[in-house]
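**Student:** Okay, handing you the structure first.
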Amino acid sequence: MTTGPSPRVLPADRGIAEAASVLRTGGLVAFPTETVYGLGANALDARAAARIFEAKARPSFDPLITHLADATELEKLVGAVPAAVAALAERFWPGPLTLIVDRPAAIPPIVTSGLATMAVRVPDNAHARALIAEAGVPVAAPSANRFGQLSPTRAEHVVRGLGAAVDVVLDGGPTRCGIESTIVDARGGQPVVLRLGALPVEALEEAAGPVTVRPGSSGRPVAPGTLAAHYAPRTPLRLVSGGEPPAADGVRRGFLAFRDRPAGDWAAVEVLSADGDLTEAAARLFDALHELDATGVGEILVEPVPEVGVGRAINDRLRRAAATWHPAG
Numbered sequence: 001m002t003t004g005p006s007p008r009v010l011p012a013d014r015g016i017a018e019a020a021s022v023l024r025t026g027g028l029v030a031f032p033t034e035t036v037y038g039l040g041a042n043a044l045d046a047r048a049a050a051r052i053f054e055a056k057a058r059p060s061f062d063p064l065i066t067h068l069a070d071a072t073e074l075e076k077l078v079g080a081v082p083a084a085v086a087a088l089a090e091r092f093w094p095g096p097l098t099l100i101v102d103r104p105a106a107i108p109p110i111v112t113s114g115l116a117t118m119a120v121r122v123p124d125n126a127h128a129r130a131l132i133a134e135a136g137v138p139v140a141a142p143s144a145n146r147f148g149q150l151s152p153t154r155a156e157h158v159v160r161g162l163g164a165a166v167d168v169v170l171d172g173g174p175t176r177c178g179i180e181s182t183i184v185d186a187r188g189g190q191p192v193v194l195r196l197g198a199l200p201v202e203a204l205e206e207a208a209g210p211v212t213v214r215p216g217s218s219g220r221p222v223a224p225g226t227l228a229a230h231y232a233p234r235t236p237l238r239l240v241s242g243g244e245p246p247a248a249d250g251v252r253r254g255f256l257a258f259r260d261r262p263a264g265d266w267a268a269v270e271v272l273s274a275d276g277d278l279t280e281a282a283a284r285l286f287d288a289l290h291e292l293d294a295t296g297v298g299e300i301l302v303e304p305v306p307e308v309g310v311g312r313a314i315n316d317r318l319r320r321a322a323a324t325w326h327p328a329g
């Protein structure tokens, strides 16, 4: 469903100035990053940030990520940061890493859902950084979709999901990573992963030593995108251990496979990577789920991917999507 007429869609390479003007005047702009499309507002403007929550139907207790155009802007905004945080920023920015810092006074509490901390990153997408730089303000931006639903990896996903709730959509084509950023709290020294994402844990460990992985929340989140049930299609989704054949009960079912097409008479099948490439699988994940969701099947069955590298983040998204579905009886 959409929320009304379509928003204005501009090519990302030619629409930066107009989109930046919309941000400066309190509007909402959906823009591509290397992970997914973000729904951006001026992070210094409480009323603009409130529009994000309204457009997404996002609960006010789920904080937003603030995006910067350049890593040098971090200390300008928040002041001195712990050495471990600065080291990770230097190593992985621009990139799909979100860091937890203390919330500065300039950022209104609505952006952090009242938390004393703020999630912040520098996206590895030239259009995104150009937009933020041209706007001249930090940009608060969760994924550009209705709350709890599939994240958008193409501009058309944003248009279909949010409609005229967005003022402008910058179309930069499909996103490269396809899943959200990894969120890390390193203020205490040893990094704690609060959300698995496009930056693998192995890469963090190689750069910073041992890390603790503590994703997921059943109560008030301490970081964006960490609720136990999230990232779900409208169609019920169920995880299966292997290529089980479709049940002969008259229900049209779709199947999301990692690398091999399953046997059986499925109504629709999407394969994440015929070569078994986890990076390709991550980039295809939400796009494939959008495709299956649009077929009108009654249920989507999904097989997990190998639990290594970015595969951990893929499986994390699949488990959260499946958590929204509860069988009858």
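Counting from 1, position 91 in the sequence shown corresponds to residue 91 in full-length UniProt numbering; the numbering is continuous, with no gaps.
We treat Cβ as the ideally placed atom computed from N, Cα and C, and that holds for glycine.
Just so it is clear, the structure is predicted and the values come from calculations on it, not from any experiment.
Verify the CB distance criterion: does G95 have a CB-CB separation below 9 Å to chain D?
**Tutor:** Absent here is chain D; the protein component of the structure consists of one chain.
**Student:** Report yes if the C-beta distance between A208 and R91 is below 9 Å; otherwise report no.
**Tutor:** Yes, these two residues count as a Cβ contact at 9 Å.
**Student:** Compare the beta carbon distance of V297 and T235 with 9 Å and say whether it is the shorter of the two.
**Tutor:** Taking 9 Å as the Cβ cut-off, V297 and T235 qualify as a contacting pair.
**Student:** Between the beta-carbon of A84 and the beta-carbon of R187, is there less than 9 Å?
**Tutor:** A contact, by the Cβ cut-off of 9 Å.
**Student:** Label P32 either buried or exposed according to how many other C-beta atoms from any shown protein chain fall within 10 Å of its C-beta, with 16 as the threshold for buried.
**Tutor:** Buried: at least 16 other Cβ atoms inside 10 Å.
**Student:** Which two residues bound the contiguous beta strand (DSSP E) that contains E307?
**Tutor:** Looking at the DSSP string, E307 is not in any beta strand (DSSP E), and its letter there is neither H nor E.
**Student:** Taking 9 Å as the cut-off, decide whether the C-beta atoms of H290 and P224 are in contact.
**Tutor:** Taking 9 Å as the Cβ cut-off, H290 and P224 do not qualify as a contacting pair.
**Student:** Starting from I52, trace the alpha helix (DSSP H) both ways and give me its first and last residue.
**Tutor:** Residues A46 to K56.
**Student:** Evaluate G114 with the Cβ neighbour count: other Cβ atoms within 10 Å of its Cβ, from every protein chain shown; 16 or more gives buried, anything less gives exposed.
**Tutor:** Answer is exposed; the Cβ neighbour count stays below 16.
**Student:** Whole angstroms is fine: what's the gap from V302's alpha carbon to A247's?
**Tutor:** For V302 and A247, the distance between alpha carbons rounds to 14 Å.
**Student:** So, with DSSP's three-state summary, where would you put H230?
**Tutor:** Residue state, collapsed to three classes: coil.
**Student:** Grab the span of the beta strand (DSSP E) containing N42 for me, first residue to last.
**Tutor:** Taken as a continuous stretch (DSSP letters only), the beta strand (DSSP E) holding N42 covers G38 to N42.
**Student:** Thinking N315 and V308 are a contact (beta carbons under 8 Å), I'd like their distance in whole angstroms, please.
**Tutor:** Incorrect: roughly 10 Å between the Cβ atoms, too far for contact.
**Student:** In three-state terms, what does DSSP make of W279?
**Tutor:** Before going further, note that residue 279 is Thr rather than Trp in the sequence given. T279: helix per DSSP, three-state reduction.
**Student:** Return the CA-CA distance between R14 and G197, expressed in angstroms with no decimal places.
**Tutor:** Approximately 30 Å, taken between the alpha carbons.
**Student:** CB-CB under 7 Å to A46, same chain, minus the five flanking residues each way: which ones, in chain order?
**Tutor:** Counting only Cβ-Cβ distances below 7 Å, and skipping sequence neighbours, we find P108 and I110.
**Student:** For the alpha helix (DSSP H) containing A128, list its first residue and its last residue.
**Tutor:** A126 to A135 is the extent of the alpha helix (DSSP H) around A128.
**Student:** Tell me the residue span of the beta strand (DSSP E) that contains G254.
**Tutor:** First-last of the beta strand (DSSP E) with G254: R253 to A257.
**Student:** Using only the alpha-carbon positions, how far apart do S151 and L285 sit?
**Tutor:** So the two alpha carbons sit approximately 10 Å from each other.
**Student:** Taking Cβ positions, are P106 and L77 nearer each other than 9 Å?
**Tutor:** Per the sequence shown, the amino acid found at residue 106 is Ala instead of Pro. Cβ atoms of A106 and L77: closer than 9 Å.
**Student:** From V166 to E18, what distance separates their C-alpha atoms?
**Tutor:** Each residue's alpha carbon lies about 14 Å from the other.
**Student:** Pairs of beta-carbons, one from the segment 169-180 and one from the segment 23-42, closer than 8 Å: are there three or more?
**Tutor:** In short, these stretches touch, since the Cβ pair count reaches three.
**Student:** Between the segment 192-206 and the segment 52-59, do three or more beta carbon pairs fall short of 8 Å?
**Tutor:** Not touching, per the Cβ criterion.
**Student:** Taking the alpha-carbon positions, what's the L292 to A323 distance?
**Tutor:** Cα to Cα, the separation comes out at about 18 Å.
**Student:** Where does T98 fall in DSSP's three states?
**Tutor:** Reduced to three states, the DSSP call for T98 is strand.
**Student:** Pick from T279, A43, P11 and P94: whose alpha carbon is nearest that of P200?
**Tutor:** When each option's Cα is compared against that of P200, the closest is T279.
**Student:** What first and last residue would you give for the beta strand (DSSP E) that runs through V169?
**Tutor:** Its beta strand (DSSP E) spans residues V168 to D171.
**Student:** By Cβ distance, which residues of its chain are closer than 8 Å to A57, with the 5 residues on each side in sequence left out?
**Tutor:** Excluding sequence neighbours, A57 sits near R146 and F147.
**Student:** Let me know if G189 comes out buried or exposed under the rule of 16 or more other beta-carbons within 10 Å of its beta-carbon.
**Tutor:** Label assigned to G189: exposed.
**Student:** Identify the continuous beta strand (DSSP E) that holds A263 and give its terminal residues.
**Tutor:** Note, A263: premise wrong, no beta strand (DSSP E); not H, not E.
**Student:** Could you tell me if P327 is buried or exposed, where buried requires 16 or more neighbouring beta carbons within 10 angstroms of its beta carbon?
**Tutor:** With a pLDDT of 44 at P327, under the threshold of 50, the predicted position of this residue should be treated as unreliable, though the coordinate-derived value follows. Exposed: under 16 other Cβ atoms inside 10 Å.
**Student:** Please classify G250 as buried or exposed, where buried requires at least 16 neighbouring CB atoms within 10 angstroms.
**Tutor:** Exposed.
**Student:** For the candidate residues P138, T175 and S143, whose alpha-carbon lies nearest to that of G161?
**Tutor:** It is S143.
**Student:** By the 10 Å Cβ neighbour count, where 16 or more other Cβ atoms means buried, how is D185 classified, buried or exposed?
**Tutor:** Buried, since its Cβ has 16 or more Cβ neighbours within 10 Å.
**Student:** Candidates A41, R176 and Y37: which alpha carbon is nearest H24's?
**Tutor:** Here the sequence assigns Arg to residue 24, which means His is not the residue at that position. Comparing Cα-Cα distances from R24 to each of A41, R176 and Y37, the minimum goes to A41.
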